[in-house]
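Residue numbers (full-length UniProt numbering): 1 to 222.
Okay, structure coming up:
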C-alpha cells in the first residue's frame, strides 16, 4: 500500500518522510491556500524536496473542459516523472480524464463521492481514484462505499488504484487497509495519531524507569 501525505506544509512533509517510507504528497487548492505561500512557492518547495521516485499530485483549479486539459498538461510538466493531475469527477472532469489519458498524461480522479463515480473514472483510465471517505459518510456509509469500489474494480479487471482521501480517524484507516486499499493519502494529524500511541509512551517510560532504578543509567551501556 502506498503511503501519501495530504499537505503542502513542507516542514510536516519532512518530519513524516523522515519517520516513514513515504510514497508521495497530495495537494489541493484549499491545502495550498492554507500554506500561506503562493502556489508557485509552495509547489517549488515540495518539488525540490521530493525524491524522483516519490509522487506528487496537484489539483486543477479550472472547471471547464479546456481549462482542465490545459492545467493537466502544465501539472504533468512540473517534474520529469511521477507527477499527476488531480481532476474532479464532474462531467467536464470525466471527459478531461479520458482525453488526458489518451495523451499519455498521469491522472488522479478526485472529489469522488460514490463508488459508481469512481468506477466511471476507472473506465476512463484514471491512474488513481480518490474517494472522499469521511465526506461520503454524510450520504451513507463512506467506508463501505470505498470497499465496494475496491471490489468493483477487482471484479471488472480495471487497473486504477483506489487512494482513500478525506480520512478523519484511525478506525477508517484500519478498515480500509483490511479491505486491500492500494493507497491512502493521510492528513498529518491522522498519521501522527497512528504513530504516537499513548500506550507505547507508557511502556517505554516504564522500561526506562526500571532500568535506571536498577543500574543507575538510561542506556544499555554494553
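Heads up, the beta-carbon is just placed ideally off N, CA and C, and yes, glycines get one too. Since we're looking at a predicted model, the values are computed, not measured.
DSSP places residue 13 inside the alpha helix (DSSP H), whose first and last residues are 10 to 19. By the CB criterion at 9 angstroms, residue 86 and residue 59 fall inside the cutoff. Collapsing the DSSP output to three states places residue 108 in a strand. Residue 52 counts as exposed, since fewer than 16 other beta carbons sit within 10 angstroms of its beta carbon. For a cut-off of 8 angstroms, the C-beta gap from residue 22 to residue 3 is around 6 angstroms, short enough to register as a contact. By the C-beta criterion, the stretch 117 to 129 is judged to be in contact with the stretch 91 to 104, since at least 3 inter-stretch pairs fall below 8 angstroms. In this structure, residue 92 places its C-beta atom within 9 angstroms of the C-beta atom of residue 63. Here residue 1 has 177, 181, 182, 183 and 184 as same chain residues with Cβ atoms under 8 angstroms from its own Cβ, once five neighbours each way along the sequence are excluded. For residue 22, there is no enclosing alpha helix (DSSP H), as DSSP marks it with neither H nor E. Residue 69 counts as buried, since at least 16 other C-beta atoms from the protein chains shown sit within 10 angstroms of its C-beta. Counting only the Cα atoms, residue 28 lies some 20 angstroms from residue 95. Going by beta carbons, residue 88 and residue 111 fall inside the 9 angstroms limit.
Residue environment for residue 222: exposed (fewer than 16 other C-beta atoms within 10 angstroms of its C-beta).
Where residue 37 is concerned, there is no enclosing beta strand (DSSP E), because DSSP gives it neither an H nor an E. Across the structure, residue 42 and residue 206 are spaced so that their CA atoms are roughly 42 angstroms apart.
In the three-state reduction of the DSSP assignment, residue 49 falls in the helix class. DSSP places residue 129 in the strand class (E or B) of the three-state scheme. In this structure, 5 is the residue among 30, 5 and 31 with its C-alpha nearest to the C-alpha of residue 19. The C-beta distance from residue 173 to residue 146 rounds to 11 angstroms, too long to meet the 8 angstroms contact threshold. Restricting attention to 197, 200 and 187, the CA atom closest to the CA of residue 12 is found in 187. Residue 163 and residue 108 have their C-alpha atoms roughly 9 angstroms apart.
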